[in-house]
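Going by full-length UniProt numbering, the sequence shown opens with residue 1, and the numbers climb by one from there. C-beta: ideal position from N, C-alpha, C; glycine also. A quick note: this is a predicted structure, and the numbers were derived from the prediction, not measured. Read the structure below first, then the notes.
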Amino acid sequence: MSAFSEAALEKKLSELSNSQQSVQTLSLWLIHHRKHSRPIVTVWERELRKDGDKKARKRTYEQIKVDENENCSSLGSPSEPPQTLDLVRALQDLENAASGDAAVHQRIASLPVEVQEVSLLDKITDKESGERLSKMVEDACMLLADYNGRLAAEIDDRKQLTRMLADFLRCQKEALAEKEHKLEEYKCKLARVSLVRKELRSRIQSLPDLSRLPNVTGSHMHLPFAGDIYSED
Numbered sequence: 001m002s003a004f005s006e007a008a009l010e011k012k013l014s015e016l017s018n019s020q021q022s023v024q025t026l027s028l029w030l031i032h033h034r035k036h037s038r039p040i041v042t043v044w045e046r047e048l049r050k051d052g053d054k055k056a057r058k059r060t061y062e063q064i065k066v067d068e069n070e071n072c073s074s075l076g077s078p079s080e081p082p083q084t085l086d087l088v089r090a091l092q093d094l095e096n097a098a099s100g101d102a103a104v105h106q107r108i109a110s111l112p113v114e115v116q117e118v119s120l121l122d123k124i125t126d127k128e129s130g131e132r133l134s135k136m137v138e139d140a141c142m143l144l145a146d147y148n149g150r151l152a153a154e155i156d157d158r159k160q161l162t163r164m165l166a167d168f169l170r171c172q173k174e175a176l177a178e179k180e181h182k183l184e185e186y187k188c189k190l191a192r193v194s195l196v197r198k199e200l201r202s203r204i205q206s207l208p209d210l211s212r213l214p215n216v217t218g219s220h221m222h223l224p225f226a227g228d229i230y231s232e233d
């Protein structure tokens with residue numbers, strides 16, 4: 001998916017049509033780049049004002065909002081438990097989350113005191129210094145607004161990950177319970193098979209050893225015939 005920039009968003013909005021595919025494509029792109037929520041809203045409002053007189057265009061913009069909300073809802077309530085790979089990716093994404101951005105933390109910590117203390121406005125003595133301070137304040141506002149947007153997106157990501165972990169744990173517990181039930185069944189079957197094997201061995205050991213019987217086939221002795229046994233004297 002293409003990288004985010006205000007120019008890229010402006011281009012996509014200018015190419016937007018009222019077809020369902022066009023709306024869904026832009027909606028998914030915005031969701032993917034939701035960490036840039038602040039500039040997205042800024043560009044959105046600016047483009048909406050430019051096309052404010054075009055009712056059809058305005059309806060298309062509103063349709064994107066509806067589609068985006070639906071997509072976000074579907075992402076927040078997955079119908080199937082997440083796979084292990086999904087959890088790994090979600091955890092890896094959080095490694096680059098806003099709360100861990102040391103560079104931005106340093107920039108915010110290094111904001112000049114002039115943009116934080118209203119009392120210092122009295123030190124403005126001319127237009128040039130006022131415009132310079134105005135630029136500093138504007139830059140600070142943009143920095144903080146962008147960071148707040150990223151933090152909001154991170155909160156959503158962490159909530160989503162919490163739901164994913166809960167679903168994953170529930171699924172694993174259900175699978176574990178099923179496996180334990182199967183294990184007990186197989187233990188019972190093994191016990192029955194072992195009992196049959198033991199009984200079979202006992203029966204086999206109680207049978208006569210035919211190898212110890214006299215060898216009658218190789219001798220000259222013959223068994224008597226039935227007529228000889230029952231013949232009259």
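Quick one: residues in its chain with C-beta nearer than 7 Å to the C-beta of residue i, no 5 flanking neighbours on either side, listed in chain order?
{"i": "D139", "result": "none"}
{"i": "R34", "result": "A153"}
{"i": "L133", "result": "E114 and I124"}
{"i": "S22", "result": "L16"}
{"i": "Y186", "result": "none"}
Looking only at its chain, what residues have a beta carbon closer than 6 Å to the beta carbon of residue i, apart from the 5 residues adjacent to it on each side?
{"i": "S14", "result": "none"}
{"i": "T125", "result": "none"}
{"i": "V104", "result": "Y147"}
Measuring CB to CB, does residue i end up less than 9 Å from residue j?
{"i": "S37", "j": "R150", "result": "yes"}
{"i": "V137", "j": "V113", "result": "no"}
{"i": "V43", "j": "L9", "result": "yes"}
{"i": "L165", "j": "R107", "result": "no"}
Do you know how far the Cα of residue j is from the Cα of residue i?
{"i": "L48", "j": "Y147", "result": "24 Å"}
{"i": "Q172", "j": "T162", "result": "15 Å"}
{"i": "K182", "j": "A175", "result": "11 Å"}
{"i": "K179", "j": "S202", "result": "34 Å"}
{"i": "L85", "j": "L190", "result": "36 Å"}
{"i": "K50", "j": "S99", "result": "35 Å"}
{"i": "S211", "j": "L200", "result": "20 Å"}
{"i": "S110", "j": "P82", "result": "41 Å"}
{"i": "C141", "j": "A7", "result": "21 Å"}
{"i": "L121", "j": "D167", "result": "53 Å"}
{"i": "L207", "j": "C188", "result": "29 Å"}
{"i": "I204", "j": "V88", "result": "58 Å"}
{"i": "E184", "j": "D101", "result": "51 Å"}
{"i": "R192", "j": "D209", "result": "28 Å"}
{"i": "V118", "j": "A3", "result": "38 Å"}
{"i": "A90", "j": "E45", "result": "31 Å"}
{"i": "D198", "j": "R170", "result": "The question names Asp, yet the displayed sequence has Lys at residue 198. Going from the Cα of K198 to the Cα of R170 covers about 42 Å."}
{"i": "A177", "j": "L195", "result": "27 Å"}
At what residues does the alpha helix (DSSP H) containing residue i begin and finish?
{"i": "F168", "result": "K127 to S206"}
{"i": "R49", "result": "S37 to K50"}
{"i": "L120", "result": "Counting along the chain, L120 falls outside any alpha helix (DSSP H), and DSSP gives it neither H nor E."}
{"i": "R107", "result": "A102 to A109"}
{"i": "V88", "result": "T84 to L94"}
{"i": "E6", "result": "E6 to S14"}
Who are the Cβ neighbours of residue i in its own chain at under 8 Å, not counting the five residues just before and after it?
{"i": "A145", "result": "R38"}
{"i": "K12", "result": "L26 and W29"}
Quiz item: Touch check for the stretch 152-166 and the stretch 91-98: three-plus C-beta pairs under 8 Å?
Solution: yes
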